[in-house]
Structure formats: structure tokens, C-alpha cells
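Take the sequence shown: its position 115, counting from 1, is numbered 115 in UniProt numbering, and each next residue is one higher.
Every residue gets a Cβ at the ideal spot worked out from N, C-alpha and C, and that includes glycine.
Read the structure below first, then the notes.
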Amino acid sequence: MDGKYGVTRHFFKFMLPGFLDKLVLPPAFCRKLKEENLEHAILTSHQGRKKVNVCKNINGLIIFKEGWKDFAYQNDLSIGDVIVFEHTGGLHFNAIVFDSTACEKQFPEEVNLDEHPEDAEGWYKFYKSNKLKDGDFCIFELHTDSPRSKTVVMDVQISRHPP
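Structure representation (C-alpha cells):
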């Protein structure tokens, strides 16, 4: 607590079945938060920042709604994961995601395509020709004739983000 009457700065939530539809914040946090503007929250994680619509239920608990599912997909959340939220003021939160092993989730580092423009052009063509959208993901399976072969063949499986 930030003092006797302050708002708790940190809380955590387990991802339980049904977590993709909504996330209800802890009652103790909701009781202490005196936020008048309950239109949306800003969630920031290692994967970026998302705007999430919020509402209150009949018990006065704050619920993350529209936009929450996008945040969950962006952070590859699954049942058993834990998110530690840091309240930074208003309805702004930093979020650290832990997987079911209790370790912080690791995400691949982003490649700076400005440093490799030849790669960017090829990936852009791939993106356009396959009509990829935010949230879609691709699985590449590598097939080589031999370790010394300069020919590389990949099977690609594209999974579409649900609408």
C-alpha cells in the first residue's frame, strides 16, 4: 500500500479459464481507486502498449473488456500465466507476464529492418501476398537437402487471428 488510504501500486492476476473475455481487477484495488474516468486503461508490457476499454460491474469491480483480448494475444497469454500489474496512476498499468513455470515470459528480440533493407522487402512481399493481419502468426518448418546445401525450402503454416 502507498500509505493507509493510498491505492495499491502492485497486484497480480492468474490467467484462469475464460480470461480472454475479460479480466476483473482485485476488489481491494477497485475499492481504493477513486478514478472518475472509467472509459479505458492503458496497459504497457515488453510487447508494447494497448488501450483497453473498462467498465464496472454491479459490485463496483473494474473489468478490462474490449482490447483485453488483443493484449492477451500480443503477450501470448495462456491459462496458468500470471501478470503482475504496476499501477502508475490514473488507469495506467505496467504489466510483467510470467508463464506457468513462474519465470518471466521471454519474447524474441525484434529485428531492425532499417539495418537490413533487403530482408524488409522480402518480408513485406510475404506479408502482402498472404494478406496477413495483426494477430496472425506463421510457423515455418525448415527442410534442407543437406547441411551444405544452399537451397532452403520451408513449409509455412499461417494461423489467422480470430476476428
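With distances taken Cα to Cα, identify the nearest neighbour of residue i among the options.
i	options	result
D99	K125, I139 and F107	F107
G80	L20, S159, K133 and V156	L20
L25	S78, L132, S129 and I83	I83
V153	D145, S159 and R160	D145
Which of the three DSSP states is assigned to residue i in this structure?
i	result
C55	strand
E39	coil
S45	strand
S159	strand
Return the CA-CA distance between residue i and residue j, expressed in angstroms with no decimal places.
i	j	result
G89	N75	22 Å
L33	K56	12 Å
D155	L142	7 Å
H10	H161	31 Å
E86	W68	16 Å
T151	K50	41 Å
For the alpha helix (DSSP H) containing residue i, name the first residue and the last one.
i	result
F71	W68 to Q74
C30	P27 to K32
Is there at least one Cβ from chain D nearer than 7 Å to residue i's Cβ?
i	result
H46	Among the protein chains of the structure shown there is no chain D, as only one such chain exists.
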